[in-house]
Amino acid sequence: MKAKIHVTLKQGILDPQGKAIEHALGSLGFKNAGNVRVGKYMEVEVNETDKAKADAAVKAMCEKLLANTIVEEYRYELQ
Amino acid sequence: MKIGVVVFPGSNCDHDCQHIFKDVLGQSVEMIWHKETSLAGLDAIVLPGGFSYGDYLRTGAIAKFSPVMGLVKEFAKGGGMVLGICNGFQILLEAGMLPGAMLRNKSLHFICKDLSVKVENAATSFTSACQPGQVLKIPIAHADGNYYTDPVTLAAMQANAQIVLRYCTPEGKVTPEANPNGSLDNIAGIINAAGNVLGMMPHPERCAETVLGNDDGKLIFLSMLESLKQGKKPLQMAPA
């Protein structure tokens, strides 16, 4: 199965890159753009056919390495 | 004393640390490759600055799983002194040996310059050679030094005097303007509750001999050696 994983800074934690992009969008005339958050997107092939097992594995990967849960949150989908 | 300097792929301040301890302070130094499986005979360990594993994913995120880190954790649990400088500090955070995490500098810039830091706690094993409130001029060189932790942990660290170094003006005033990177509470360096693991973003090894025009950083290393001499045990901190 393939896991598509998104890691972003938690809401409430300053995202300097997001702020810079938000500012740039504003300068370009996109006055309707706000609250830009920058994150990471990762794809992982998980060698499991059972969805529950794959789900548990991906969750463990996120908790252990892919996200720092002190400042980041993650979400993923399995296909 | 025998000091171990851990070398990760991408460490680049390891030889500076070796130079200070060996050539400037006359100690024995062992370079510890990150795949090392024994830390026997070492009195203190330094995790040096650099870009371990290219800073891939997050600073220190991959280094924390290096084989040597399990030994470093055991060493610290047994009361051994561990100093993490810059990337070494980031690794200590990722490894959970110190609380909190590093965010990108508020300005998004990589900042490399001399800064003033105030010794907020001069009773630790890493700062005992400093005067309380002393202002040290030490350079920083990082893009991810914006320290963050949750309010409960911050309050506990403040109450327990675990915030050892804070960015300040040259006169010693801790102000928002003196904060280079957005770090919470102007934090430049923190110590664990047990008092034997210190992480700091400034680079004392880059200013520890007079020939370089500044030896303020030497105080950190002298403090460590003095503490080791006094019975090889870190000074006890107040319980958390």
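Line by line, the protein sequences give chains A and B. Under my numbering, the first sequence is numbered contiguously, ending at residue 79. Under my numbering, the second sequence is numbered contiguously, ending at residue 1240. Here a beta-carbon is modelled for each residue, glycine too, at the ideal position from N, C-alpha and C. In this text the structure is predicted, and so the values were computed from the model without any measurement.
- B/Y1148 sits in a strand when the DSSP states are folded into three classes.
- Close to A/A20, with beta-carbon spacing below 7 Å, are these residues of chain B in chain order: L1108.
- Per DSSP, the beta-bridge partners of A/L78 are A/A3.
- Boundaries of the alpha helix (DSSP H) harbouring B/P1067: P1067 to K1077, taken from the DSSP string.
- B/A1061 reaches chain A at L65, L66 and N68, counting residues in chain order whose Cβ is nearer than 9 Å.
- By the Cβ neighbour-count rule, B/L1108 is exposed, with fewer than 16 other Cβ atoms within 10 Å of its own.
- Residues of chain A whose Cβ lies closer than 8 Å to the Cβ of B/L1103 are, in chain order, L9, I13, L14, P16 and V71.
- Contact annotation for B/E1094 against chain A: N68 [CB-CB distance below 9 Å, chain order].
- Checking the DSSP bridge columns, you'll see B/M1081 partnered with B/A1044.
- Judged by DSSP secondary structure, B/V1005 falls within the beta strand (DSSP E) whose first and last residues are K1002 to V1007.
- Bounds of the beta strand (DSSP E) holding B/K1118 are I1111 to V1119.
- A Cβ of chain A is located within less than 7 Å of the beta carbon of B/Y1148.
- Under the 10 Å beta carbon count, B/K1064 is surrounded by 16 or more other beta carbons and is classified as buried.
- Secondary structure remark: continuous beta strand (DSSP E) runs of at least 3 residues inside the segment 18 to 45 of chain A, in chain order: 39 to 45.
- Counting along the chain, no beta strand (DSSP E) covers B/S1128, and no H or E run does either.
- Beta bridge pairing from DSSP links A/T8 with A/G39 and A/E73.
- Less than 7 Å divides the Cβ of B/Y1147 from the Cβ of B/G1100.
- In this structure A/F30 is exposed. Its beta-carbon is surrounded by fewer than 16 other beta-carbon atoms within 10 angstroms.
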